[in-house]
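First comes the structure, then the notes that go with it.
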Amino acid sequence: MNALEALRSALEALRANPLRSALTMLGIIIGVAAVIAMVAVGAGARALVMKQIQSLGSNLMIVVSGSVTSGGVRMGTGARLTLTEDDALALEREVPGVAIAAPIVRGSAQVVSGNLNWSTVVLGVTPGFFDAREWDVENGRGFNPEEVEGAGKVVLLGETVVRNLFEDQDPVGQQVRIRNVPFQVIGVLAHKGQSTQGTDQDDTVMIPITTAKRRVLGTSQANARAVGSMLIKVRDGEDMQEAESQIRGILRQRHRLLSNQDDDFWIRNLSEIAETRDASSRTLALLLAAVAAVSLIVGGIGIMNIMLVSVTERTREIGLRMAVGARARDILAQFLIEATTLSSIGGAIGVALGVGAAVGIANLAGWPTLIQPLAIVVAVGFSALVGVFFGFYPARRASQLDPIEALRHE
Amino acid sequence: MAALIEVHDLAKTYQLGGHAVHALRGVNLDIAAGEFAAVMGPSGSGKSTFMNLVGCLDTPTAGVLRIDGIDASSLDGDELAHLRNRKIGFVFQSFNLLQRTTALGNVMLPMVYAGLSAKSRRDKAASALGRVGLADRMDHRPSQLSGGQQQRVAIARALVNDPVLILADEPTGALDSRTSLEIMALFQELNRGGMTVVIVTHEPDVAKFARRVLSFRDGKLVGDKVNPAPDDAAVLRAALPDAEAA
């Protein structure tokens, strides 16, 4: 019997009990559909994380003023402002991998507009910051060089601040007061959403770094050029590790640190944070796939159960086939092919259903899903394997029947 | 010339719950090619065991069994399957047709295991159905056929691989007397064409159509009679009034 005829004969046998065959397949159908849909959801979640990382800037580093040791007492991060605007200029000048080094001063303040007020994060930044973060001004305009140089009293508002202070009005051109200093709103920042740590990135206002120091947040008494941190964008294609070690070298040199002294700054690589997030979403995807795989195995047990019933029901047929010349291996092959046909058809239907579910989830629930071709291949292959594995025991039982007993079976 | 079936001191012992059951206790006989033999005996006489052994469905505990010169007592399962496939055609009381396939499909079944091409399978199955008078019923399923027609399909299936022996186990047991006569007439016709036919039955009415009657009792062959003038089933069938013309 060649493969095509075996398949046709298997289909004939399965057609003899259409409802039973369909119900048996259901286990595999659900299993395969679940694998494909779950993997698609998992992959979609990962893709979303990757997008967040992109929005954060995958090649960004933050250098934060670090702890200093004073008389044996180690102070916390940012205890002293060890970084300066000149450090930033030096990094841009001397480290070839650094595209932008944007100094930042940061504080929090009450922002007042008319009779509304809102406490938010005030960032004093340079135009380079917007380039590094790839953060646009959506409505209005950004800072011009004169405003940065001359400590202009202009402010850009984050979306959350706009919502709390202006509700439905257009804020551009209006006045707000930050720590009682009047500022003119020149623009609204583009929506940025949550950071990977879950903080609202849109709950902020930005003013020129010079203005921040002179009029709002104040300057360090030790050094008027000091800043709390700086954002560094590494050029595309440059190695982050390499750039980090060069930055460390320049800063240590500029801060005149001896080789036995600790760094007085911290360098945080944002892609590391992103990788952690990525790893956790990968774990989630794996977990979903594992749960789905379990349902495939349960489906396989269903197939075994039905094949055992089928072997019992068709004992006479088996006896007859043996009487007319079927060898044990012919009977074995027949039932194995039936089981595998059952599971493979179930697998094919499951693929269609799984792809449909993934598309449906994307459209209805708004979750991002990404259908993985590999998941389809693995799920179909696995379902065929389930048929062989769980079909083997019933098929072997059939092949070992005694033809005389089988023919006499009622 | 050697007989088609040679049986020497054939014995079969089953172990049943610790007891040895001697189903067959040393049987000797030869059946020549072209014979029409009936195997008779009450239940427990060993006739079914004898049939299973001659049909190569079972292996003897002791003794020699040769089918068409092949020593069947020393073959393994696959070799026995091959021997059944090539040399023996079975006909059963309950027809044993596959319900989900057509008459043609049922007749093709033995050739599936003989490894014939699909084309020659079809041709041979169609001609076998023609021989039993069912050329116009090839695409019917068993449920669409009468009992007699189903048994004819089974006989076509038995014939299709050109066996040397037709082995029939109570072939008329599930049929009415009119249809039984038709089936026996078919066997007689095949026998006249040279086919060796062995029928296992407990009905004397069936045995009277055979030219040789073998009687079993308590696992032994107790009678071996030649019937010089067997009844002609076709004649008897023709003599019946056609009460319910089919």
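Chains as they are written, first to last, in my numbering: chain V, 1 to 410; chain H, 1001 to 1246.
Every residue gets a Cβ at the ideal spot worked out from N, C-alpha and C, and that includes glycine.
Quantities reported herein were computed from a predicted structural model and do not represent experimental measurements.
The Cβ of H/G1041 sits no closer than 8 Å to any Cβ of chain V.
V/L353 has a beta carbon lying at 8 Å or more from every beta carbon in chain H. Listed along chain H are L1098, each with a C-beta nearer than 7 Å to that of V/E317. At a cut-off of 8 Å, the C-beta of H/D1078 has a neighbouring C-beta in chain V. A distance below 7 Å between beta-carbons, with the five flanking residues on each side excluded, links V/G44 to the following residues of its chain, in chain order: W367, P368, T369 and L370. Against chain V, the CB of H/A1114 has a partner CB under 8 Å away; the residue lies at that interface. Taking 8 Å as the cut-off, the beta carbon of V/V161 is found no closer than this to the beta carbon of V/V172.
Interface residue (Cβ-Cβ distance to chain H less than 8 Å): V/A323 is classified as such. When 7 Å is used as the limit between beta carbons, H/N1191 is near no residue of chain V, the shortest such separation being about 21 Å. Counting only Cβ-Cβ distances below 8 Å, H/T1101 has contacts in chain V at E12, in chain order.
DSSP, reduced to helix, strand and coil, places H/D1218 outside both helices and strands of the structure shown, so it counts as coil. Residue contact check for H/L1024 against chain V: no CB pair falls below 8 Å. According to the DSSP assignment, H/N1052 belongs to the alpha helix (DSSP H) that extends over K1047 to V1054. The CB of V/A328 comes closer than 9 Å to the CB of G1077, D1078 and A1081 in chain H, given here in chain order. In the displayed model, H/L1080 falls within a helix according to three-state DSSP. H/E1170 sits buried, since 16 or more C-beta atoms from the chains shown fall within 10 Å of its C-beta. Beta-bridge pairing by DSSP links V/P208 to V/V125.
A direct Cα-to-Cα measurement between H/T1101 and V/A37 gives close to 39 Å. Non-local beta-carbon contacts of H/V1206 in its own chain, meaning distances under 7 Å to residues more than five positions away in sequence, involve A1038, T1172, M1184 and I1199 in chain order. Against V/P403, the close residues of chain H are L1057, in the order they occur along the chain (beta-carbon pairs closer than 7 Å). Cα atoms of H/L1080 and H/A1072: separation of roughly 7 Å, rounded to the nearest angstrom.
Around the CB of H/K1012, 16 or more other CB atoms lie within 10 Å, so the residue is classed as buried.
For the C-beta of V/A16, the chain H residues within less than 8 Å are, from N- to C-terminus, Q1099 and R1100. Of the candidates H/H1082, H/T1061 and H/A1233, the residue whose Cα lies closest to the Cα of H/I1070 is H/H1082. Rounded to whole angstroms, the gap between the alpha carbons of V/G218 and V/Q372 is 54 Å.
Under the 8 Å criterion on CB atoms, V/L320 is classed as interfacial with respect to chain H. Distance from the CA atom of H/A1125 to the CA atom of H/P1163, rounded to whole angstroms, is 14 Å. If you check the CB distance, V/V311 and V/P394 come in under 8 Å. The Cβ-Cβ distance between H/L1214 and H/L1029 falls below 8 Å. Closest option to V/E134, judged by alpha-carbon separation, among V/G354, V/I186, V/L231 and V/N144: V/L231. With at least 16 other beta carbons inside 10 angstroms of its own, V/V205 counts as buried. Closest option to V/A13, judged by alpha-carbon separation, among V/E85, V/E313 and V/I376: V/E313. By the Cβ neighbour-count rule, H/S1117 is exposed, with fewer than 16 other Cβ atoms within 10 Å of its own. The way I'd put it, the stretch 15-34 of chain V does touch the stretch 343-358 of chain V; three or more beta-carbon pairs between them come closer than 8 Å. Here the C-alpha atom of H/L1240 lies approximately 49 Å from the C-alpha atom of V/A333. If you look at H/Q1150, you'll find it in the alpha helix (DSSP H) that goes G1147 to L1159.
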